[in-house]
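Residue numbers -20 to -1, 1 to 192, in mature numbering (1 follows the signal peptide of the UniProt record, and there is no 0), belong to the letters of the sequence shown in order. What follows is a short report on a single structure.
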Amino acid sequence: MIRLFATFSALLFTSLPSFAQETAPEQALEHAVDEAVVEEVHQAHDGGGLPQFNPETWASQIFWLAISFAFLYFFFSKFILPSLTATIEKRTDKIQGDIKAAENLSSRAEQIRLAYEAEFKMASGKATADIKAIDDEAKAKLANSLTEFRARYEAEIKTVEQRLEDSKEAVLGDMNKLAAEIAAQAAQKIAGISADPSQADSIVQSIKNKAA
């Protein structure tokens, strides 16, 4: 098969100039191909096996294998591998960028959490201090109010007591006068004795003092 390909290639390259000059007929090329096919069939039949296992064709097989390998290596190294490498590198860069972005976001979130906890502790401490200050101020105001109320209450009690005492003395004085007048009138009506109200008052007062 390889020999057939080589023969066909040789005929093709030798016939190119004739095609360019349009001097050789197409029938000559077809006849040469037919002869090459017939010769290849006879050789395969005479060999009695597969042509790739024929030692006589190993050299040409190795040659064309090397040519094919070199062509494939060149094709893959120039076209396929660079594209794959660029795609892999781009994907790797994207993954690394995503990982770095995730790490940055995680670090930022941790910083925000720590700042929030610090602010919360500060606000909690300030609120506790404010509540204590307000409570102390309220207690102080209440104590002052109670002290002022007690002082005002005691002063008013003393004033009322003094007024009651004054009223009591006035009432007692009036009662003494009334008793002296009643006693004087009674003495005059009963005994026919004319008594001075002032003397009667003195007598009533002395009786009161003795009773006390």
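For glycine and all other residues, C-beta sits at the position ideal for the given N, C-alpha and C.
| query | result |
| --- | --- |
| Straight-line gap, F55 to R93 (C-alpha atoms, nearest Å) | 56 Å |
| Segment limits, alpha helix (DSSP H) that includes I47 | 38 to 55 |
| Which of helix, strand or coil DSSP assigns to N84 | helix |
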